[in-house]
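J.:
Number of protein chains: 4
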Amino acid sequence: MAEFEIKPEFYNYVFSPYLEPAIRINCGDTVVFHTEDAFESRIKTFDDLPSKALKTAKFLNPQTGPVYINGVEPGDTLVADFKSIEFTRNWAVSAVIEYFGGLQSNDITRTLQAPLKEKVWLWKVVDDGKAFYNEEMRIKIPAAPFCGTCATAPDLEAIQALTPGPFGGNMDVPDVKPGNKIYLPVWNPGGLFYIGDCHGAQGQGELCGVALEITAKATVTFDVIKGQTINWPRIESPDKIMAIGSAKPMEDAARIAYAELIKWMGDYGFSPEEGYQICTQAGGLYVGNMVDTVYSLVASIDKRYLKRL
Amino acid sequence: MAEFEIKPEFYNYVFSPYLEPAIRINCGDTVVFHTEDAFESRIKTFDDLPSKALKTAKFLNPQTGPVYINGVEPGDTLVADFKSIEFTRNWAVSAVIEYFGGLQSNDITRTLQAPLKEKVWLWKVVDDGKAFYNEEMRIKIPAAPFCGTCATAPDLEAIQALTPGPFGGNMDVPDVKPGNKIYLPVWNPGGLFYIGDCHGAQGQGELCGVALEITAKATVTFDVIKGQTINWPRIESPDKIMAIGSAKPMEDAARIAYAELIKWMGDYGFSPEEGYQICTQAGGLYVGNMVDTVYSLVASIDKRYLKRL
Amino acid sequence: MAEFEIKPEFYNYVFSPYLEPAIRINCGDTVVFHTEDAFESRIKTFDDLPSKALKTAKFLNPQTGPVYINGVEPGDTLVADFKSIEFTRNWAVSAVIEYFGGLQSNDITRTLQAPLKEKVWLWKVVDDGKAFYNEEMRIKIPAAPFCGTCATAPDLEAIQALTPGPFGGNMDVPDVKPGNKIYLPVWNPGGLFYIGDCHGAQGQGELCGVALEITAKATVTFDVIKGQTINWPRIESPDKIMAIGSAKPMEDAARIAYAELIKWMGDYGFSPEEGYQICTQAGGLYVGNMVDTVYSLVASIDKRYLKRL
Amino acid sequence: MAEFEIKPEFYNYVFSPYLEPAIRINCGDTVVFHTEDAFESRIKTFDDLPSKALKTAKFLNPQTGPVYINGVEPGDTLVADFKSIEFTRNWAVSAVIEYFGGLQSNDITRTLQAPLKEKVWLWKVVDDGKAFYNEEMRIKIPAAPFCGTCATAPDLEAIQALTPGPFGGNMDVPDVKPGNKIYLPVWNPGGLFYIGDCHGAQGQGELCGVALEITAKATVTFDVIKGQTINWPRIESPDKIMAIGSAKPMEDAARIAYAELIKWMGDYGFSPEEGYQICTQAGGLYVGNMVDTVYSLVASIDKRYLKRL
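Protein chains in written order, with our numbering: chain S, 9 to 317; chain D, 9 to 317; chain F, 9 to 317; chain P, 9 to 317.
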């Protein structure tokens, strides 16, 4: 039950089975991860327009890790129990970036139109870290920190850190937060856990593509479920179980999320037919991101519907 | 401020500008609508399998209306203030229908696979109308009634009652419920309001395509915003403003919903750039239906973010 | 075997079962249809920018018809044998329209970006009607006339003339051309055939959304296949059979097109498994339009693969 | 101008910058690649049903390479001039695989339905290699060999060999064939060229997901365009220039393909506005595959439209 701290000197930009572990730990151990923001802190002022400030960045979304968890093997499920997230600076940044975001054409959804005008949005941490305040708009939003990315290394592939998928990755799902357990598939010995991209808060969909990006310390305790194989990430909160699907078009992400949730309900004694019916009448389905290389949707069911009367 | 009651002898299956009004009322008047279920009560027992029971149904999703509201003209916004929904029988029905629903191929998303096995699910109204109970699964779900469809007649077109769109229609959005106001575009004199498809409760996405279908009495008070033109349906709850987009693929529905919400935020003094930023950090985005001819998503923002500090 | 001519004084903008027939004919009769261009000839010069020239147009894509074909009943298949298309003026027009077209955001695929700059493109009919020439670019393109729209009236619904679907409609498929037979489902007595939107030529996809729009005379001979029910439009050329699917996302249109083609191959004695295999190895699949309210794809198989050796 | 031959002892299943080159050559050199079929020849008889025969295959679609081409650097364009493809056995295989293919639900487009029934299709090479014959159906199809995959290594990422993308990969585009030049972006020194997945013939869309899979020898001559950066693969045939987009939903692939083609037309002196107009009236757009992890579409323009009169 040891506790470790990882404060990287350099970051990775890929969820890869080919990188050396930053640390090797045991199940039950806790790691405090220092995470950079998605721009590696290159945008600090209104004048750091993305087209200029990100010129020196060959890749985005720096990741801390990977962590090798002893005893974790392919076919197991890795459990990442999120204990806390603390901000390590007193401001967050968002931005409108050219040809990026939910209401702009981009590299994949191409148009011939001019991009949106770039803009940097700065938000101060206020109220003892409980809120963010933007002076320009005079708007305050409660802090609700979570990690935009957490992943195990994929099988065979090395995937850039801007992508979500079966391995987790850049899901931008607000429920990857303290108090919740994240379950991830394992394809490589040690699992090889990556984490990064802390968001101080984020709406559903992460509309402009840039949440309240901030540096942070994320504290996670690791465990394993031996011999239980899952195909996509799952989340357990005190009240709900949730499954995440990441795909395009968005309906495919929705289908994956609900199909995986129904599979999970099987562990509680519900047939697929029953799961299908219960989710129809009582399931939740929200959009985590509609901006990344593929979109992430979260299907959920309240735990009270997992027990028969 | 008169109150009227409509108990149809026959129903319409189309949102159409070509049908005679069932009634003509004034702004401020209230109408109690008796609504049939989506199957026109053809499925009552386990043995009423859809492939058999629906053979006599040329069309589905019967609608009550249209209501002609005096003084409402093209270019106005119709306000439907949902006062209450009462069930008019003590059971609801759901079903798995061949080649229909979110986890099944269908007429548009075609495969060569066999359909899912049909099944009828019956749910009893219990707890004085506050819950539904399914004996087969021994599962109880709180009642949360709303109208799956409400619409104004489209411009020029007559659209079948299974379709959602700019006119509202078969959105299957749980926020079309008592306590909320629904705003609809107006293309025809009198607005021509249709309503139906009461759901006793429904999860987000309406996964299998059939919620807790039940007959009901829906009480709605009508008003108009003269000269205010909107392009898509909107909802106002005590706490939130919401915009609904209906389209395929689902990301298009998401884009419409957020773009319309940002436009609405303009009425509160926020520029599109500000609306885009606030929705990014604090917006909500859930799936109403992922089963109809196009999908409906709901974008929302809490009213507390509509005031500058 | 009579021949008729329809030169409308006014046009329809909707594929509707609710309109009076322009003419009643018998199977075997031929009709010469005068068709307007999609803008009803409002754009004639470089200065007729769409935002200005189309202000007086409440609807676009005027249709000639409907034709009532005696003896044609719901459940039959209507056969429209395209005999010829002649241009009735010596120029065609294309245009870039704001928020419309394949490489621009639009009413459904929304962004916050500014639209493309409008522009009118004029093309002269040259080489005795065999080609189009654009002086500005000094580019010549062979004429390949076809009808962007042809439809039977839908069942119950009235659908605007910009939409393709099971009823045909605004498919913008270059194979709806002289020498080919178009097969359409029938939902209403008389079939109620509409036609319009002649294109002097068009690339696959109709990329900017506006082909070489031109007024024309289209000559069509009608026939019926009694008691044969089809669900989507089909085309027969001297060499190929083709099925058209119209849907969004585009993969759904592709699935419909191939699924319907495989069904058609059943008439030639091939099982679905065989059809699936033959289409895999020898099928054609091109994009008709990627710009309309839904997209149209054409799946085809060469007739030589419809006979076993 | 040397000629080399690569007959691998083992294959790669990933397009990766992390693998050792199989060979290092110079620009102008020619390589004869021996390629395995997508199943690594595990399916040889009717009884080798995929669920059984592929059990020993952790990965599919074996690739030959990578080839390191001296002098090729990031930012250049690699030219792969396809000289010939010869079959190295006298039969090809196709199959229906459970939960795979264009008319079946799959791992991403999920349903709860049972899969299609598996089936192996065997096709004999006949007519001196000029055709394929299937005895079961008594159908003969002309040979039209091409490589389903060819790729340069991606930037940073390692991508499984079943995926198409900006790097080329599993595009399943029939125009990757002898007589045509394939242009690929370069992100790594030497380019790192992979090739495999020869198809004896294939329809557009590769409908069931398995074309006429066959082992082969592909002969390719390599060249480089120094300092010319492209973002997606391109093809040049004697008559046409073509651009390939790979994405989901399919309309995104279509947008990429046409946007890249218009960019390429810029090299011929056409502005984007002109390219947009010419493609609208004369472009080609067909579906390469509608079955891989993302779909590949090919936009083309005839070379005669690249010269002003």
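The beta carbon of each residue, even a glycine, is placed where N, CA and C say it ideally should be.
The structure displayed is predicted, hence computed values, not measured ones.
1. Quick one: does D:Ala267 have its CB under 8 Å from some CB of chain S?
2. Cutting at 7 Å between CB atoms, please list the residues of its own chain near P:Pro326, excluding the five before and the five after it.
3. Using a C-beta to C-beta distance shorter than 7 Å, which residues of chain P count as neighbours of D:Thr119?
4. Buried or exposed for D:Gly79, going by 16 or more other Cβ atoms inside 10 Å?
5. Quick one: is S:Arg32 buried, meaning 16 or more other Cβ sit within 10 Å of its Cβ, or exposed?
6. Are the C-beta atoms of P:Leu124 and some chain D residue less than 8 Å apart?
7. Contact criterion: CB-CB distance below 8 Å. Does F:Leu220 meet it with respect to chain P?
8. Mind checking if D:Pro257 is an interface residue toward chain P, Cβ cutoff 8 Å exclusive?
9. Below 7 Å CB to CB, which residues in the same chain sit around F:Ser113 once its five sequence neighbours on both sides are set aside?
10. Does the CB of S:Tyr313 have a neighbour CB from chain D at under 8 Å?
11. For the alpha helix (DSSP H) containing D:Glu144, list its first residue and its last residue.
12. Counting along the chain, where does the alpha helix (DSSP H) carrying F:Ala265 start and finish?
13. State the start and end residues of the unbroken beta strand (DSSP E) segment that holds P:Lys132.
14. What is the DSSP secondary structure of S:Pro193, counted as helix, strand or coil?
15. So D:Leu164 contacts chain F; which residues on that side make the cut at Cβ distance below 8 Å?
16. Am I right that F:Phe90 and F:Val228 are in contact with their C-beta atoms under 8 Å? What's the rounded C-beta distance?
17. Could you tell me which of D:Phe47, D:Tyr294 and D:Ile14 sits nearest to D:Gly213, measuring between CA atoms?
18. Starting from the N-terminal side, write out each stretch of the alpha helix (DSSP H) that is 4 residues or longer and does not extend beyond the segment 46-99 of chain S.
19. Residues of chain S with a CB under 9 Å from the CB of D:Ala290: which are they?
20. Against P:Arg263, what residues of chain S qualify as contacts under a CB-to-CB distance less than 9 Å, listed in chain order?
21. Which residues of chain S have a Cβ atom closer than 8 Å to the Cβ of D:Trp129, listed in chain order?
22. Whose CA, out of P:Gln236, P:Ile93 and P:His207, lies closest to the CA of P:Ile222?
23. Rounded to whole angstroms, what is the Cα-Cα separation between P:Val218 and P:Lys189?
24. Between the Cα of F:Glu44 and the Cα atoms of F:Ile270, F:Trp99 and F:Ser304, which residue gives the shortest distance?
25. For the pair the segment 195-202 of chain P and the segment 178-197 of chain S, tell me if three or more CB-CB distances fall below 8 Å.
26. How should P:Met298 be labelled, buried or exposed, when 16 other C-beta atoms within 10 angstroms of its C-beta is the threshold for buried?
27. Find the residues of chain D that neighbour F:Pro280, judging by a C-beta separation of less than 8 Å, and give them in chain order.
28. Which residues bound the beta strand (DSSP E) around S:Tyr26?
29. Which one of S:Val302, S:Cys155, S:Ala65 and S:Gly274 has the shortest CA to CA distance from S:Ile309?
30. In whole angstroms, give me the CA-to-CA distance for F:Ile14 and F:Gly187.
31. Terminal residues of the continuous beta strand (DSSP E) containing F:Ala159?
32. Pick from F:Leu86, F:Ile167, F:Lys60 and F:Ser102: whose alpha carbon is nearest that of F:Gln71?
33. Within its chain, find whatever has a CB closer than 6 Å to the CB of P:Pro58; leave out the 5 residues flanking it on each side and keep chain order.
34. Is the segment 154-172 of chain S touching the segment 22-40 of chain F, taking contact as three or more C-beta pairs under 8 Å?
35. Consider the Cβ of S:Tyr26: report whether some Cβ of chain P lies at a distance smaller than 8 Å.
36. Note down the Cα distance separating P:Cys287 from F:Glu143, rounded to an integer number of angstroms.
T.: Checking against the coordinates, here is how it stands:
1. Along the second sequence, one-based indexing puts residue 267 of chain D at 259. A Cβ of chain S is located within less than 8 Å of the beta carbon of D:Ala267.
2. Residue 326 of chain P falls outside the range modelled here, since chain P spans only 9 to 317, and no answer is possible.
3. Stepping through the second sequence from its first residue, residue 119 of chain D is reached at position 111. In chain order: Leu111, Gln112 and Ser113.
4. On the second sequence, residue 79 of chain D is found 71 positions in, with the first residue counted as 1. Exposed, by the Cβ-count rule.
5. Position 24 of the first sequence, counted from the first residue, corresponds to residue 32 of chain S. Its Cβ having fewer than 16 others within 10 Å, S:Arg32 is exposed.
6. Taking the first residue of the fourth sequence as position 1, residue 124 of chain P is located at position 116. Yes, contact with chain D.
7. In the third sequence, residue 220 of chain F corresponds to position 212, counting from 1. Answer yes: the Cβ-Cβ gap between F:Leu220 and chain P drops below 8 Å somewhere.
8. In the second sequence, counting from the first residue as 1, residue 257 of chain D sits at position 249. Among the CB atoms of chain P, one or more fall inside 8 Å of the CB of D:Pro257.
9. Position 105 of the third sequence, counted from the start, is the residue given in the question as residue 113 of chain F. Tyr107, Thr119 and Gln121, listed in sequence order.
10. Taking the first residue of the first sequence as 1, we reach residue 313 of chain S at position 305. Chain D contact via Cβ: present.
11. On the second sequence, residue 144 of chain D is found 136 positions in, with the first residue counted as 1. From DSSP, D:Glu144 is part of no alpha helix (DSSP H); its letter is neither H nor E.
12. The residue labelled residue 265 of chain F in the question sits at position 257 within the third sequence. Run containing F:Ala265: Met258 to Gly274, per the alpha helix (DSSP H) assignment.
13. Here residue 132 of chain P is taken as the residue at index 124 of the fourth sequence, counted from 1. Segment Lys127 to Val134, the beta strand (DSSP E) holding P:Lys132.
14. Counted from its first residue, the first sequence places residue 193 of chain S at position 185. The answer is strand: DSSP assigns S:Pro193 an E or B state.
15. Taking the first residue of the second sequence as position 1, residue 164 of chain D is located at position 156. Near D:Leu164 (Cβ distances below 8 Å), the residues of chain F are Tyr21, Val22, Phe67, Ala166 and Gln168.
16. In the third sequence, the residue the question calls residue 90 of chain F occupies position 82. In the third sequence, the residue the question calls residue 228 of chain F occupies position 220. With a contact defined as Cβ atoms closer than 8 Å, F:Phe90 and F:Val228 qualify at about 6 Å.
17. Here residue 213 of chain D refers to the residue found at position 205 when the second sequence is read from its first residue. For D:Gly213, the closest alpha carbon among the candidates D:Phe47, D:Tyr294 and D:Ile14 is that of D:Tyr294.
18. 58-61
19. Taking the second sequence and counting its residues from 1, the one referred to as residue 290 of chain D is at position 282. Residues of chain S passing the Cβ test: Ile147, Ile149, Pro150, Ala209, Gln210 and Gly211.
20. Numbered from 1 along the fourth sequence, position 255 holds the residue referred to as residue 263 of chain P. Going along chain S in sequence order, the residues near P:Arg263 (Cβ under 9 Å) are Ser113, Ile116, Thr117, Arg118 and Thr119.
21. In the second sequence, the residue the question calls residue 129 of chain D occupies position 121. Within chain S, the residues near D:Trp129 are Gln285.
22. Position 214 of the fourth sequence, counted from the start, is the residue given in the question as residue 222 of chain P. Checking every option, the nearest Cα to that of P:Ile222 belongs to P:His207.
23. Here residue 218 of chain P refers to the residue found at position 210 of the fourth sequence. Here residue 189 of chain P refers to the residue found at position 181 of the fourth sequence. So the alpha carbons of these two residues sit roughly 24 Å apart.
24. Translated into positions along the third sequence, residue 44 of chain F becomes position 36. That would be F:Trp99, whose Cα lies nearest to the Cα of F:Glu44.
25. The segment 195-202 of chain P makes no contact with the segment 178-197 of chain S: fewer than 3 CB pairs, one atom from each, lie closer than 8 Å.
26. As a first step, residue 298 of chain P is located in the fourth sequence; it is residue number 290 there, counting from the start. So P:Met298 counts as buried.
27. Residue mapping note: residue 280 of chain F aligns to position 272 of the third sequence, counting from 1. Correct list: Leu120.
28. Indexing the first sequence from 1 puts residue 26 of chain S at position 18. Premise fails: S:Tyr26 is in no beta strand (DSSP E) and is neither H nor E.
29. Working through the first sequence from its first residue, we reach residue 309 of chain S at position 301. Comparing Cα positions, the closest option is S:Gly274.
30. Along the third sequence, one-based indexing puts residue 14 of chain F at 6. Along the third sequence, one-based indexing puts residue 187 of chain F at 179. Those two C-alpha atoms are separated by around 21 Å.
31. Counting from one through the third sequence, the residue named residue 159 of chain F turns up at place 151. Where F:Ala159 is concerned, the enclosing beta strand (DSSP E) stretches over Phe154 to Thr160.
32. For the purposes of this step, residue 71 of chain F is taken as the residue at position 63 of the third sequence. Checked all of F:Leu86, F:Ile167, F:Lys60 and F:Ser102; the closest Cα to F:Gln71 is F:Ile167.
33. As a position in the fourth sequence, residue 58 of chain P is number 50, starting the count at 1. Here the set comprises Ala103, Ile105 and Glu126.
34. The segment 154-172 of chain S, when compared against the segment 22-40 of chain F, does not touch it at the 8 Å Cβ threshold.
35. On the first sequence, position 18 is the one that residue 26 of chain S refers to. At least one chain P Cβ lies under 8 Å of S:Tyr26.
36. As a working note, residue 287 of chain P is residue 279 in the fourth sequence. As a working note, residue 143 of chain F is residue 135 in the third sequence. Those two C-alpha atoms are separated by around 17 Å.
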